[in-house]
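In this text, residue positions in the sequence shown follow numbering that gives the first Met the number 0: the first is 0, and each later residue adds one. Here the structure is laid out as structure tokens; the discussion comes afterwards.
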Amino acid sequence: MLRRPTPAAWLGAFALLLPLVLADRSAADVPARAEVVAETAVAPRTLDLTIASPAMEGRQKVRLLLPPGWSRDAERTWPALWLLHGGVDDYTAWTRDTDVAELTARAGVIVVMPNGGRCGNYSDWWNYGKGGPPRWETFHMTELRGILERGYRAGTRRVVAGNSMGGLGAMLYAARFPGAFAAAAAFSGYLDTLYGHEPGDDSAGWGPSLACPGTDWRRVWGDPDGQAAIWHAHNPADLAGRLRGVRLWVASGNGRAGSLGGLPFTDPVEAGANDHAHAFADRLRALGVPVTARYFDGQHDWPYWQRDLHEAYPMLMGALGLGPCPGLSRS
């Protein structure tokens, strides 16, 4: 039985974290091709790119973890694991708060960790019907993909995973770009962005109204009733049928502290994500779309997302055709 949290509970939790604002994909022409304007070697395998992005009308960062034997002059290409960060965070999150560098040290995969904005939600914003930046979806799925394939020996075989807002992005990109990703994993993602919405319900605490403080949520998807088509086009639960053939993994805690610790009270952010995870998985199964779902005691924090990554990792690597994963351990 799904719980419907009160708007007040949502408002309090999301005033600080986890915006779910998205916009319809812009059809506007990009005036010039995106290009890398700087590279910074952070560590032996870690390369940060600075990209001049017409879609964003500015510069954005992307962090890469390069595989053993990688060379930009190699004749071969490598598959890619995209890791998307959550709200109020940036492209450094996965290397800062998990052991992903160690986990993938012997894997033949390029790990791609793009900046997605503190409230970007992996989408081109509607902007009251005017379009324009931020156009996160275009930056990632058109500009960045092209850069990686042209200049960094990335192949066309990809998988994607993300935490929180990044979990939403993982399922959106897999659904909105059929064939782009062989697998998608969402850890504590909000995967039914119209969950509990009633016509005329405009209250804070639902969907794009959860944007970061100071952002008018109507910039991103518009109104859930007035721009209903945009909302449905960016709701993973509504796009579930388009995920057929993609290997899917959904993980969420129930908001209570588990074996990895946490707050001494129920975390409303994770409890809400848990409702969405159940609703999304139920929708997939009703459509006959296979999904692996993991539910547990846990909260909206990195120790749980690191565990989620370790548990989903064999599935993600298998979807890339890489087989057993050397060095994998449970954590």
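Ideal placement from N, C-alpha and C gives every residue a C-beta, glycine not left out.
Suppose you measure from the CA of residue 245 to the CA of residue 190; what does that come to, to the nearest Å?
Taking the straight line from one Cα to the other gives about 16 Å.
Nearest residue (CA-CA) to residue 127, options 261, 219, 302, 232
It is 219.
Would you check if the distance between the CB atom of residue 154 and the CB atom of residue 186 is smaller than 8 Å?
Cβ atoms of residue 154 and residue 186: not closer than 8 Å.
Environment of residue 173 [buried if 16+ CB atoms lie within 10 Å]:
Buried is the call here.
What first and last residue would you give for the beta strand (DSSP E) that runs through residue 315?
Looking at the DSSP string, residue 315 is not in any beta strand (DSSP E); the run it does join, the alpha helix (DSSP H), is 301-318.
Expected contact under 8 Å - CB spacing of residue 295 and residue 257 to nearest Å:
That pair is a contact at about 6 Å.
Let me know the beta strand (DSSP E) ranges lying completely inside the segment 178-251, each 3 residues or longer, listed in chain order.
Counting only runs of 3 or more, we get 182-186.
Between the alpha carbons of residue 285 and residue 291, how many angstroms are there, rounded?
Straight-line Cα distance between these residues: approximately 14 Å.
Residue 147 - containing alpha helix (DSSP H), residue span
Boundaries of the alpha helix (DSSP H) harbouring residue 147: 144-150, taken from the DSSP string.
With distance defined between alpha-carbon atoms, name the residue in 97, 122, 102, 254 nearest to residue 54.
Looking at the Cα atoms, 122 is the closest of the given residues.
Spatially closest choice to residue 229 from 64, 86, 175, 44, by CA coordinates
Put simply, of 64, 86, 175, 44 the residue whose alpha carbon is nearest the alpha carbon of residue 229 is 175.
Where residue 274 falls: helix, strand or coil (DSSP):
Note: residue 274 maps to helix in three-state DSSP.
Who does residue 294 pair with in a DSSP beta bridge?
Per DSSP, the beta-bridge partners of residue 294 are 251.
Cβ separation of residue 136 and residue 33, assumed to be a contact under 8 Å, to the nearest whole Å
Between residue 33 and residue 136 the Cβ distance is about 14 Å, and since that is not below 8 Å, they are no contact.
Could you give the DSSP three-state label for residue 269: helix, strand or coil?
Reduced to three states, the DSSP call for residue 269 is helix.
Given a cut-off of 8 Å, decide if residue 156 and residue 179 are closer than it, judged by their beta-carbon atoms.
With contacts defined by Cβ atoms closer than 8 Å, residue 179 and residue 156 do not form a contacting pair.
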